[in-house]
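First to last, the sequence lines map onto chains D, S, Z and X. Using the numbering used here, you'd call the opening residue of the first sequence number 36 and step up by one each time. Using the numbering used here, you'd call the opening residue of the second sequence number 8 and step up by one each time. Using the numbering used here, you'd call the opening residue of the third sequence number 3 and step up by one each time. Using the numbering used here, you'd call the opening residue of the fourth sequence number 422 and step up by one each time. Presented below is the structure to which this report refers.
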Amino acid sequence: MEVNHTIEDHIYQPEEKRYSYLNLGPTHPATHGIFQNVLKMDGEIIVEATSTIGYIHRAFEKLAERRPFYQITPITDRMNYCSSPINNIGWHMTVEKLLGIEIPKRVQYLRVIVMELARIADHIICNAVIGIDTGALTGFVYMFQQREEIYEIYEHICGARLTSNVGRIGGFERDFTPRTWEKIDTFLNNFPTVLKEFESLLSRNRIFMDRTVGCGPITAEKALSYSFTGPNLRAAGVDYDVRVAMPYSSYDDFDFQIPVGKNGDTYDRFMVRQEEMWQSLSIIKQAIAKIPEGPFHANVPEFYLPPKEEVYNNMEALIYHFKIVMGETDVPKGEVYHCVEGGNGELGFYLISDGGRQPFRLHFRRPCFIYYQAFPEMVKGSMLSDAILTMSSMNVIAGELDS
Amino acid sequence: MEDQGLIQYAPIGLMFLFAAGFVGVTMIATHALGPKRKTAIKLESFECGIQPQGNARIPFNIKYFLVALLFVLFDVEVIFMYPWAVNFRDLGIPGFIEMIVFMSALLIGFFYIIKKGALKWED
Amino acid sequence: MSTLTEDIRMADRPEGLEGQGFFATKLQTVVGLARKNSIWPLPFATSCCGIEFMATMGAHYDLARFGSERLSFSPRQADLLMVMGTIAKKMGPVLRQVYEQMAEPRWVLSVGACASSGGIFDTYSVLQGIDRIIPVDVYVPGCPPRPEQIIDGVIKIQRLVETESLRRRDSPEYKAMLNTYGIE
Amino acid sequence: MEVTDLEKIVSVLKEKYEEDILYAEMLYDFPTISLKKEKIVEIIQYLRDNSETKFEFLTTLCGIHYPELNQIAVMYQLHNMMTGKRVRLKTYLPIELPTVTSLTSVFPGANWMERETYDFFGVIFEGHPNLKRILNVDEMIIFPLRKEYPLEDQVREDKNDAMFGR
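Next comes the structure, spelled out in structure tokens:
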């Protein structure tokens with residue numbers, strides 16, 4: 036919209052309110068990501084917000100149509116890069132559902148541990164950033180230190196810190212080393228104290244509550260009509276969690292509660308994510324306690340890359356290795372949709388394969404992209420500072436927003 | 008206090024000299040040493056990376072100016088209390104009464120403002 | 003009883019400090035030294051490298067040890083433009099606008115494979131490297147680079163800042179280089 | 422004989438929209454129904470309000486380009502949160518003029534999903550509040566996710582195919 040101001044605009048006509056246009060643009064410290072909002076403001080109150088996204092659109096869906104199945108994993112972990120293992124394992128489960136591979140119990144438990152660690156890491160960033168936006172900077176520094184611990188655990192599991200590319204179709208590329216178990220245990224020991232300290236710093240803090248209670252609320256009906264999922268929907272009062280609604284990777288072996296808010300404002304979103312961190316911690320403890328022995332990958336040689344010493348020693352492994360890398364393995368035709376509970380909601384993979392080397396069509400159901408369209412409605416009539424708080428409490432991640 | 012007169016204020020004068028000197032030198036040094044490139048785009052207002060539209064000089068709601076002016080007014084009142092607080096004992100009761108008169112005058116003004124609703128924010 | 007001081011060897015003073023302890027040097031070195039340890043970065047963080055930058059600014063790797071404590075999000079007070087993450091074609095003009103509105107002298111650090119060359123995203127919508135629209139001083143490889151690599155990039159920028167002559171920004175070669183990018 | 426989800430949904434649909442159903446099948450325990458495009462919004466509204474099915478949640482919406490059929494399909498996935506049942510509705514549109522009525526009146530959440538499908542495939546959703554490109558540059562004229570357009574950026578000259586054995 037082009038706004039041309041003429042001289043008479045400057046003469047104040049009392050009957051028609053003068054609106055100023057504020058551009059919360061692409062490079063803005065408050066928008067923890069790259070999206071733009073042109074806010075039509077009456078003084079400090081937002082009258083209308085029009086958002087523009089797509090500033091880091093990298094065409095994941097077109098890219099996925101040009102890569103064999105096991106090469107798509109590095110794309111998926113650049114979608115929601117705050118909790119990339121969940122995307123990877125979600126993608127592997129979709130392919131396993133297409134191929135009909137049966138996953139051993141130990142792999143499912145290992146996957147639950149890695150995914151819950153990723154969920155904690157995602158919620159650490161979101162809640163620490165809510166703390167920053169209300170002015171509590173110390174929380175971020177302490178919580179980010181814990182995220183470094185999780186980065187170190189990822190390095191032991193898959194070698195990378197952030198874009199993890201963890202696991203393979205059919206399981207993991209290597210079992211967890213004893214050093215990894217030690218690091219997970221030390222993390223489980225000293226994370227609760229830091230989390231309790233962070234929670235006591237903010238959750239009953241007068242300033243924090245005055246700022247966040249009632250800021251950017253959304254009712255359950257409106258959230259459902261905007262296809263909300265994840266912590267933002269649970270904060271609005273609907274207890275929908277893919278781990279409970281459609282249990283995958285043996286989530287039904289663990290008992291955990293789903294935290295549900297009441298009026299869907301920033302305080303509820305903060306508290307839902309805090310409680311989910313505690314639940315994830317208890318899930319990891321239960322998983323470690325009950326983890327069965329067994330192989331760390333399914334016995335499916337034509338899709339699982341054999342380890343190097345086997346490739347050099349026996350003939351079949353060499354042939355399988357060659358076929359997988361060159362992508363000559365025949366993939367069954369079919370359409371499959373599989374969803375996992377990502378850091379921000381139901382992360383779905385809709386895969387159509389026509390038997391060829393690459394998927395015929397791969398569509399990602401990206402929760403951020405879907406629930407961010409309700410942002411203008413949530414901030415209408417609120418102050419500018421509340422709008423920034425609402426945006427960071429929705430945990431909109433640019434990589435997942437514009438795929 | 009053997010050296011009466013202005014000499015006792017020399018240290019304060021020196022401090023002001025140093026302050027003004029430091030500010031002056033750094034300003035001039037950075038201005039002289041720093042390279043300057045006055046291009047058209049650089050002189051435009053920064054609008055988070057996109058082309059600025061419209062004009063920033065539009066009439067704002069009056070309540071912002073009112074709050075600012077009233078703040079200045081009552082801030083000056085507080086400044087008058089500093090010397091009073093320093094010489095509180097020496098001035099004794101008469102000084103106290105004068106300050107009460109001074110403050111009550113401004114208090115009446117404050118009530119007038121509240122009655123007129125100048126500080127009402129949510130219109 | 004050997005006196006205790008025999009085995010203590012007094013280290014000789016570092017080179018240049020033997021005399022009364024003051025230097026005589028060119029103005030350029032002094033200005034370079036001052037600029038080197040007070041770089042104000044503009045974190046142009048778009049995607050995954052931005053999260054890795056949060057780790058770099060966090061307490062563990064702490065970029066503030068190198069003098070870059072104060073992040074400036076407006077180009078007016080920024081010296082170093084750290085472009086971190088993928089720059090799509092929609093983002094190109096924004097990046098160019100921010101670069102041109104930066105205060106002189108300015109440096110650009112391109113962090114990550116996506117900013118340096120488009121990275122793994124050779125697609126229709128991604129700008130294949132920011133050096134197509136703005137001059138870049140240091141490239142940091144990695145996807146995302148580890149915080150140590152980002153700090154190594156900042157140290158290389160600091161070496162450039164320290165050894166830069168005061169008249170480089172007005173020299174004709176610099177102007178010619180800028181013109182190749184269409185920046186006058 | 423336990424009635425599978427597919428038959429239940431198809432029976433509910435058959436009561437009013439008999440002739441609109443092209444075919445229905447279970448793909449990896451996911452009931453998929455292909456429909457004609459005229460009454461798609463009505464059918465979704467009917468599935469939402471019908472007491473038996475009550476699909477009140479739109480999970481996702483996307484386009485699929487079938488070059489050999491010369492058609493573009495638009496896929497809707499609906500979800501009933503109470504019973505956990507899901508259904509996938511597909512409509513096939515001719516590639517010359519792929520138009521279908523917009524779903525934003527029924528589900529406001531479909532707003533951006535339809536804009537993304539328009540942006541990628543060029544499917545025109547009639548009645549959409551502001552159907553413009555959402556992810557790509559506005560000046561883009563082609564619809565990139567159609568099969569005939571290349572993935573790579575044609576500007577790069579350093580990745581010639583000889584090096585990649587293509």
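For every residue, glycine included, the Cβ atom is placed at its ideal position computed from N, Cα and C. These numbers were taken from a predicted model, which means no experiment stands behind them.
Contacts with chain Z (Cβ-Cβ distance below 9 Å) from the segment 56–87 of chain S involve G56, I57, Q58, listed in chain order. The C-beta separation of A65 of chain D from I318 of chain D comes to about 33 Å, leaving the pair out of contact by the 8 Å criterion.
Per DSSP, the unbroken alpha helix (DSSP H) holding E234 of chain D starts and ends at 213–237.
Neighbours of A61 of chain Z in chain D, taken as residues whose beta carbon is under 9 Å from its own, are V176, Y177, F179, Q180, E183 in chain order. Segment contact: the segment 324–340 of chain D against the segment 203–212 of chain D, three or more CB-CB distances shorter than 8 Å; contact assigned. Exclusion of the five residues before and after T85 of chain D leaves V73 as the residues of its chain whose Cβ lies within less than 6 Å of its Cβ.
When D:S417, D:L436, D:S428 are compared, the shortest CA-CA separation from E79 of chain D is found for D:S417. Spatial neighbours of S455 of chain X in its own chain (CB-CB distance under 6 Å, excluding positions within 5 residues in sequence) are listed in chain order as L443, Y444, K511.
With a cutoff of 8 Å on beta-carbon distance, L111 of chain Z and L82 of chain Z are scored as near each other. K580 of chain X has a beta carbon lying within less than 8 Å of a beta carbon in chain Z.
In chain X, no part has a C-beta under 7 Å from the C-beta of D133 of chain Z; the shortest such distance is about 13 Å.
Exclusion of the five residues before and after I563 of chain X leaves Y570 as the residues of its chain whose Cβ lies within less than 8 Å of its Cβ. Against chain D, the CB of E51 of chain S has no partner CB under 8 Å away; the residue lies outside that interface.
Residues of chain S whose Cβ lies closer than 7 Å to the Cβ of D81 of chain Z do not exist; the shortest such Cβ separation is about 11 Å. For R146 of chain D, no beta strand (DSSP E) run applies; the uninterrupted alpha helix (DSSP H) run containing it begins and ends at 140–168, by DSSP. Residues S438 of the same chain have their beta carbon placed closer than 8 Å to that of A94 of chain D, with the five preceding and five following residues left out of the count. Under the criterion of beta carbons closer than 8 Å, N162 of chain D and I432 of chain D do not qualify as touching, at roughly 14 Å. Annotated as proximal: A409 of chain D and I253 of chain D, with beta-carbon spacing under 8 Å. With respect to the C-alpha of E412 of chain D, the residue from D:G174, D:K257, D:T228 having the closest C-alpha is D:K257. DSSP places V85 of chain Z in the uninterrupted beta strand (DSSP E) bounded by 82–86. For D9 of chain Z, no Cβ of chain S is located within less than 8 Å of the residue's own Cβ. Distances from the alpha-carbon of M281 of chain D to those of X:L482, X:R507, X:T425, X:E428 put X:R507 closest. With 16 or more other Cβ atoms from the protein chains shown falling within 10 Å of its own Cβ, K132 of chain D counts as buried.
Judged by DSSP in its simplified three-state form, R209 of chain D adopts coil rather than helix or strand.
Partner residues in the beta bridge of D77 of chain D, as assigned by DSSP, are D:I80.
Proximity to Y438 of chain X across X:R536, X:K457, X:T425 peaks at X:K457, based on C-alpha coordinates. Going by DSSP, E428 of chain X is part of the alpha helix (DSSP H) stretching over 426–437. Short of 8 Å from the beta carbon of L419 of chain D, and not among the five residues preceding or following it, lie these beta carbons of its own chain, in chain order: L57, L74, M76, E79, I81. The beta-carbon separation of F207 of chain D and V142 of chain D, rounded to 7 Å, stays under the 8 Å limit for a contact. The beta carbon of F476 of chain X sits closer than 7 Å to the beta carbons of L468, R469, L499, H500, N501, V508 from its chain, once the five residues preceding and following it are set aside; these are given in chain order.
DSSP assignment within the segment 249–290 of chain D yields the following whole alpha helix (DSSP H) runs of 4 residues or more, N-terminal first: 255–260, 266–271, 277–280.
Three or more pairs of CB atoms, one per stretch, sit closer than 8 Å, so the segment 261–271 of chain D contacts the segment 290–306 of chain D. In the structure shown, Y513 of chain X falls within a strand segment according to DSSP collapsed to helix, strand and coil. Neighbours of T46 of chain S in chain Z, taken as residues whose beta carbon is under 7 Å from its own, are E102, E186 in chain order.
The Cβ atoms of M86 of chain Z and P45 of chain Z sit closer than 8 Å to each other. Counting C-beta atoms within 10 angstroms of its own C-beta, W128 of chain S has fewer than 16 neighbours from the protein chains shown and is therefore classed as exposed.
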